[in-house]
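Residue numbers (my numbering): 1 to 479.
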């Protein structure tokens with residue numbers, strides 16, 4: 001199966017820009033570099049010709065005139081300028097040779113340099129003769145040799161000038177050819193840039209338009225209520241995430257819609273089961289049995305207390321259909337429940353309630369504490385030997401209220417605690433067992449009514465006891 005190649009609009013655009021910029025820069029850069037090279041070469045040749053021509057004038061007359069002044073007696077040999085002229089010629093030839101690119105031209109200058117050495121030898125001989133007071137004829141003979149060597153050097157320099165002029169002509173022809181080549185190259189590059197720009201524009205346009213149309217069809221389908229609609233990935237990096245997000249959004253909307261329906265049903269079931277869990281026939285029968293045997297035993301005062309507690313228990317449980325009650329009423333509900341259970345389990349049950357007065361007027365979702373107390377009694381205290389104790393605490397923590405139900409019952413091993421946590425968090429696949437339904441019911445209602453503002457925690461140690469803690473906002477408006 002062939003995997004579709006994933007492209008990127010940004011990469012396409014960057015690649016297109018780079019190609020166009022490269023093509024547009026090729027000609028200017030080539031022209032500038034070529035012009036600089038050719039101009040520098042041409043300028044060097046012309047400069048060499050000009051300097052050589054100036055130097056040639058010195059060679060023709062400078063040395064001869066300086067030596068003639070000495071031979072004619074116009075100047076002493078030691079005071080003559082012949083060596084200065086020779087040195088300036090030597091220096092000039094050396095400078096020109098350094099700036100000469102042609103091997104043949106450099107060879108001519110090297111020959112001129114050797115000839116200049118010969119000229120220096122003749123001048124030295126003239127100095128020796130004049131120091132020995134040689135005859136005028138001898139001195140004039142050396143003078144003629146000097147003039148001959150000077151003429152030879154001049155001819156060599158003239159040959160160098162002619163060769164450099166020929167090089168300049170070749171460079172000029174090369175410049176003409178370069179200009180013609182660059183003109184053709186410019187036309188070719190212009191054509192390539194135009195063609196590539198049109199191709200890139202069409203390619204990028206297709207990469208954008210086709211996926212956008214697909215996304216438009218998807219959004220139209222979703223808007224019309226078709227949450228099953230999906231769009232295929234366009235294999236374009238910038239649009240893949242958008243397409244995938246829209247697909248996920250449609251899927252999530254479908255799931256949320258289904259979940260909302262289930263949540264509404266579960267909420268109704270939870271509320272009904274929460275009420276039923278508190279007013280089960282089992283609890284009713286046990287309470288009535290307690291009242292009967294107390295009456296038969298002639299314990300009239302306790303009958304009255306249990307009956308009142310039972311009435312108070314029902315009053316808070318029903319609460320005229322209200323979902324939110326005061327912490328005071330919730331605690332009264334717990335006290336009524338524990339009073340009844342204390343009479344039934346007087347040998348094994350003891351309890352205390354410690355609630356901050358600051359939170360008694362606070363609002364709380366009803367029937368949150370009673371399932372936790374019932375769980376502590378039936379699954380903690382009753383499963384251990386000896387008397388047990390249940391401690392209920394409520395305290396203020398900033399804008400929140402923290403409630404804790406602690407028992408010193410049988411507790412749970414770590415594996416059992418992990419299993420209970422999974423069950424009440426809805427992670428287990430099986431239905432919630434009846435022995436943890438009270439805990440499950442509380443956590444479920446906390447999530448439904450308080451959302452992320454609620455906190456719930458269970459800690460337990462085997463044969464030491466269990467602590468259940470939850471935290472809720474003091475004011476339901478902050479939910």
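C-beta: ideal position from N, C-alpha, C; glycine also.
Computed from a predicted model, the values in this text were never measured in an experiment.
Our two residues, residue 260 and residue 289, have alpha carbons roughly 43 Å apart in a direct line.
Counting only residues of its own chain and dropping the five nearest sequence neighbours on each side, residue 410 has a CB closer than 7 Å to the CB of 380, 383, 384 and 463. Using a 10 angstroms sphere on the CB of residue 416, the tally of other CB atoms stays under 16, which defines it as exposed. Residue 82 has its alpha-carbon roughly 19 Å from the corresponding atom of residue 157. No Cβ-Cβ contact shorter than 7 Å links residue 374 with residue 465.
Sorting 475, 440, 57 and 298 by C-alpha distance to the C-alpha of residue 358 places 475 at the top.
Residue environment: residue 322 is assigned as exposed (fewer than 16 neighbouring CB atoms within 10 Å of its CB, all protein chains considered). Per DSSP, reduced to three states, the secondary structure at residue 370 is helical.
If you draw a straight line from the Cα of residue 326 to the Cα of residue 471, it is about 15 Å long.
By the C-beta density criterion, residue 401 is buried, having at least 16 other C-beta atoms within 10 angstroms. By the Cβ rule, the region 346-364 does not count as touching the region 307-316, because fewer than three pairs are nearer than 8 Å.
Boundaries around residue 130 are those of the alpha helix (DSSP H), 103-131, since no beta strand (DSSP E) includes it. The C-alpha of residue 264 is placed about 16 Å away from the C-alpha of residue 253.
For residue 151, the closest C-alpha among the options 226, 62, 425 and 230 is that of 62. Comparing alpha carbon positions, the residue from 360, 365 and 406 closest to residue 396 is 360. Residue 159 is positioned such that its CB atom lies no closer than 7 Å to that of residue 59.
The three-state reading of DSSP puts residue 401 in strand, counting E and B together. DSSP links residue 365 through a beta bridge to 324.
Annotated as proximal: residue 334 and residue 370, with beta-carbon spacing under 7 Å.
Using a Cβ distance threshold of 7 Å, residue 167 and residue 102 count as a contacting pair. When only Cα atoms are considered, residue 218 and residue 201 end up about 26 Å apart. When beta bridges are read from the DSSP output, residue 391 appears opposite 352 and 406. For residue 460, the uninterrupted beta strand (DSSP E) segment begins and ends at 455-461. Residue 392 holds the alpha-carbon nearest to the alpha-carbon of residue 406 among 73, 392 and 452.
Residue 194 carries a helical assignment under DSSP once its states are collapsed to helix, strand and coil.
A Cβ-Cβ distance of about 17 Å is found for the pair residue 388 and residue 340, leaving them out of contact under the 8 Å criterion.
For residue 469, the uninterrupted beta strand (DSSP E) segment begins and ends at 465-473.
7 Å or more divides the Cβ of residue 193 from the Cβ of residue 32.
Pairing residue 71 with residue 139 gives a Cβ-Cβ distance under 7 Å. Taking a 10 Å sphere around the C-beta of residue 413, we find fewer than 16 other C-beta atoms and assign the residue as exposed. Residue environment: residue 105 is assigned as buried (16 or more neighbouring CB atoms within 10 Å of its CB, all protein chains considered).
Excluding sequence positions up to five before and after residue 99, its CB lies within less than 8 Å of the CB of 44, 47 and 48, all in the same chain and listed in chain order. Excluding the 5 residues flanking it on each side, residue 376 has same chain C-beta neighbours closer than 6 Å at 390, 405 and 407, in chain order.
Measuring C-alpha to C-alpha distances from residue 449 to each of 367, 460 and 144 identifies 367 as the nearest.
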